[in-house]
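Asker: One structure is given below, represented as structure tokens, and several questions about it will come after.
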Amino acid sequence: MHVTIEPMQVCHLERVVAIEREVYPSPWSKNAFVNEIMDNGLASYWVAMIEEQVVGYAGIWTIMDEAHLTTLAVCRRWQRRGVGSLLLDRLLVEAKALGATRITLEVRVSNDKAQKLYKKYGFMSSGLRPNYYHDEDALVMWLDNLLP
Ligand SMILES: CC(C)(COP(=O)(O)OP(=O)(O)OC[C@H]1O[C@@H](n2cnc3c(N)ncnc32)[C@H](O)[C@@H]1OP(=O)(O)O)[C@@H](O)C(=O)NCCC(=O)NCCS
Numbered sequence: 001m002h003v004t005i006e007p008m009q010v011c012h013l014e015r016v017v018a019i020e021r022e023v024y025p026s027p028w029s030k031n032a033f034v035n036e037i038m039d040n041g042l043a044s045y046w047v048a049m050i051e052e053q054v055v056g057y058a059g060i061w062t063i064m065d066e067a068h069l070t071t072l073a074v075c076r077r078w079q080r081r082g083v084g085s086l087l088l089d090r091l092l093v094e095a096k097a098l099g100a101t102r103i104t105l106e107v108r109v110s111n112d113k114a115q116k117l118y119k120k121y122g123f124m125s126s127g128l129r130p131n132y133y134h135d136e137d138a139l140v141m142w143l144d145n146l147l148p
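First residue of the sequence shown? That's 1 in my numbering, and the numbers climb one at a time after it.
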């Protein structure tokens, strides 16, 4: 299995949105991704490709010395094979390159597998954001001391 991580482009969005609908209860629209990659100067989005097909994607906003992970997803068929970790590796490299010293994210309180992934990378829980999702609270996590 050969995975490449590439900058997200409009041509990837059909697959991105298909994965979005597969894995998230409240999926982002294609337009939301178009705005992120075309108009949001703070955003960096990446796709994971296997044999020329998008199998996952992830993004951050970087504002001054803080990065915010906005999304990370892998299609069901390719989960648990290291693709999510490769995407997270790229986000951390990018965040550091853009000057971030820490990174934060929100994750559903029920999302054990994502929390496990983030903890493996050293993210620590720092509290709850009640009703962050329409049907659930979010756990806020931080990874401090991103080294250059
Ligand atoms: C979370 C997600 C991106 C992980 O992607 P992935 O490619 O499956 O992750 P990896 O194979 O790189 O796994 C890395 C680590 O994550 C954790 N993990 C991933 N899937 C897991 C599962 N099903 N059960 C328990 N731990 C899991 C483990 O710690 C794993 O490390 P290990 O294999 O050494 O035990 C993927 O499950 C996904 O897309 N979920 C739906 C969308 C989502 O919830 N995104 C997070 C939003 S905050």
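From the three backbone atoms N, C-alpha and C, an ideal C-beta is built for every residue, glycine too.
Computed from a prediction, not measured in an experiment: that's the story for all the values here.
DSSP three-state label for VAL109, please.
Answerer: coil
Asker: Compute the minimum distance between the beta carbon of ALA114 and the heavy atoms of ligand 1, and state whether it is under 7 Å.
Answerer: yes
Asker: Answer yes or no: the CB of LYS120 versus the heavy atoms of ligand 1, is any distance below 7 Å?
Answerer: yes
Asker: So, at 6 Å on beta carbons, what are the nonlocal neighbours of PHE15 in its own chain, with the 5 sequence-adjacent residues on each side left out?
Answerer: Position check: residue 15 holds Arg in this sequence, whereas Phe was assumed. Counting only Cβ-Cβ distances below 6 Å, and skipping sequence neighbours, we find VAL54.
Asker: Cβ of LEU143 within 8 Å of Cβ of SER125?
Answerer: Between LEU143 and SER125, the gap from beta carbon to beta carbon reaches 8 Å or more.
Asker: Which residue from THR62, TYR57, PRO7 and GLU66 puts its Cα closest to that of LEU72?
Answerer: TYR57
Asker: Whose C-alpha, out of LYS120, ASN111 and HIS68, is nearest the C-alpha of GLY82?
Answerer: LYS120
Asker: Could you check the C-alpha separation between GLY12 and PRO27 for me, to the nearest Å?
Answerer: Correcting the residue identity first, residue 12 is His in this sequence and not Gly. Going from the Cα of HIS12 to the Cα of PRO27 covers about 16 Å.
Asker: With distances taken from CA atoms, which of ARG102, LEU128, THR70 and THR101 is nearest LEU87?
Answerer: THR70
Asker: Considering only the beta carbon of each residue, do GLU136 and ARG90 sit closer than 8 Å?
Answerer: no
Asker: If I measure Cβ to Cβ from GLY127 and keep anything under 6 Å in the same chain, skipping five residues before and after, which residues do I get?
Answerer: VAL140
Asker: DSSP beta-bridge partners for LEU139?
Answerer: VAL107 and LEU128
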